Amino acid sequence: MQRLLKKNEYPQPYLEYGMVVEAGDLLRVETALGSYTALKAASCLVRPKQGDSVLAAFDGEGNCFILSVLVQNQAAGQINEIILEGDASLHIRRGGLTISADDEVSVVSDRLSLAARTGNAAFEECSFLGKSLFAEFGTIKTIAGKVENIFQQFTEKLIDAFRFVKDHEEIQTGSTRYLVDTNLTMHSKNAMHVAEEIVTINAGQVHLG
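Pasting the structure below:
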């Protein structure tokens, strides 16, 4: 007898097919039993939309829960949504995860964190837009057919700098100034300095030979 009473504490739900007639802040489902205000069950990941055919469950207290969306309304502009309340985690055991889309994959968040031991990214075209960027690396190696940098102001601080240009290098500036603490050495097979007006050399000693 006690076992029978214990079973009755958890009555079996009544299942019914229905259609979502309202999908705002509250969900309303039209069934053969009538129209009911419904709650989305936690197991129903897809957010029900107006016109969707759903499977609804009724408990002994008259509460209605949408267990799953059976057939979606294919109205133009409808977007499938998966809504989870609170923090969520997706964990793949003994395998990987692939996200594939025929059109576009968008990630929108107030803050984004990525962590991996190794990473690879391949883009045919890539664009980054931001207000500020801070990057810290042990080693950087860049290989490109052509590089074009446009800055309003560019500052470099280096301990040692080496640049090897095989063919031609040309620098065009409004004015140029070199400040060297110790020695400035320029070596070439031929050298030519051309000034339209004045050439000035000031030194304690000048040796030409």
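Every number in the working numbering is 726 more than the matching position in the sequence shown, counting from 1.
Glycine included, every Cβ here is placed at the ideal spot set by N, Cα and C.
The model shown is predicted, which means the values in this text are computed figures rather than measured ones.
Taking C-beta separations shorter than 7 Å and ignoring five residues to either side along the sequence, residue 862 has no partners in its chain. Within the same chain, and ignoring the five residues on either side of residue 897 in sequence, no residue has its Cβ closer than 7 Å to its Cβ. Along the length of the region 763-810, whole beta strand (DSSP E) runs at least 3 residues long occupy 779-784, 790-797, reported in chain order.
Around the beta carbon of residue 912, fewer than 16 other beta carbons sit within 10 angstroms, so the residue counts as exposed. The beta carbon of residue 740 lies closer than 6 Å to those of 784 in the same chain, with the five residues before and after it left out. Per DSSP, residue 819 is not a residue of any beta strand (DSSP E), being assigned neither H nor E.
By the neighbour-count criterion, in which a residue is buried when 16 or more other Cβ atoms sit within 10 angstroms of its Cβ, residue 746 is buried. Taking the CA atoms as reference points, residue 801 sits about 9 Å from residue 777. Shown here, residue 868 sits in coil according to DSSP, grouped into three states, outside any helix or strand. Closest option to residue 786, judged by alpha-carbon separation, among 888, 738, 755: 738.
Residue 745 is bridged by DSSP to 756, 779.
Just measuring C-alpha positions, the residue of 762, 756, 811, 788 sitting nearest residue 773 is 811. When DSSP reads this structure, residue 740 sits in a beta bridge with 784. In its chain, beyond the 5 residues on either side, 779, 780, 781 have a beta carbon closer than 7 Å to the beta carbon of residue 796. For residue 761, the secondary structure class from DSSP, reduced to helix, strand or coil, is strand. Considering only 742, 775, 769, 770, the residue with the shortest C-alpha distance to residue 751 is 775.
Setting aside the 5 residues that flank it on each side, residue 820 has no residue in the same chain whose C-beta is closer than 7 Å to its C-beta. Around the Cβ of residue 753, a 10 Å sphere holds 16 or more other Cβ atoms; the residue is buried. In this structure, the straight-line span from the alpha carbon of residue 765 to that of residue 758 is close to 18 Å.
The alpha-carbon separation between residue 923 and residue 871 amounts to approximately 40 Å.
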